[in-house]
Structure formats: structure tokens, C-alpha cells
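The structure appears right after this line, and notes come after that.
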Amino acid sequence: MTQTNQNVLRLLEDDEKISLAFRCARIEGLDGSEGILIFGREHFYI
1 MTQTNQNVLR LLEDDEKISL AFRCARIEGL DGSEGILIFG REHFYI
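Per our numbering, the sequence shown starts with residue 1, numbered consecutively.
So, in C-alpha cells, the structure goes:
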């Protein structure tokens with residue numbers, strides 16, 4: 001598991017399991033912002 005994955009998992013609620021994860025981006029003019037959308041068993045995270 002990479003360091004980035006470990007950092008993300010630390011931010012989730014205790015005992016949360018990831019069901020789906022999507023990489024996403026928001027483009028505004030020439031600027032872009034990358035992010036991740038995670039669906040867990042009980043919560044979702046942006």
C-alpha cells in the first residue's frame with residue numbers, strides 16, 4: 001500500500017470499508033483541480 005493510500009484511509013471513519021472510488025477533476029478555464037470521490041459502506045467522501 002502506498003503512502004498516499006495510507007494517508008487517505010486514515011481520514012475515513014473507523015471501520016469504514018471502501019466500496020467504490022473515482023478519480024475526478026474540475027476544470028475552470030485553464031486551471032484544473034484533481035480529487036477523489038470515495039463511497040464507503042456508510043459514508044461518502046469528496
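Where a beta carbon is used, it is the ideal one built from N, C-alpha and C, also for glycine.
No experiment lies behind these values; they were computed from the predicted model shown.
- It is roughly 22 Å from the alpha-carbon of F44 to the alpha-carbon of I27.
- Within the same chain, and ignoring the five residues on either side of E42 in sequence, the residues whose Cβ sits closer than 8 Å to its Cβ are E13 and E16.
- For R10, there is no enclosing beta strand (DSSP E); the residue is found in the alpha helix (DSSP H) stretching over Q3 to L11.
- Residue state for D31 is assigned as strand, using DSSP reduced to three classes.
- Residue nearest to G40 within the set C24, L9 and L30 is L9 (criterion: CA-CA distance).
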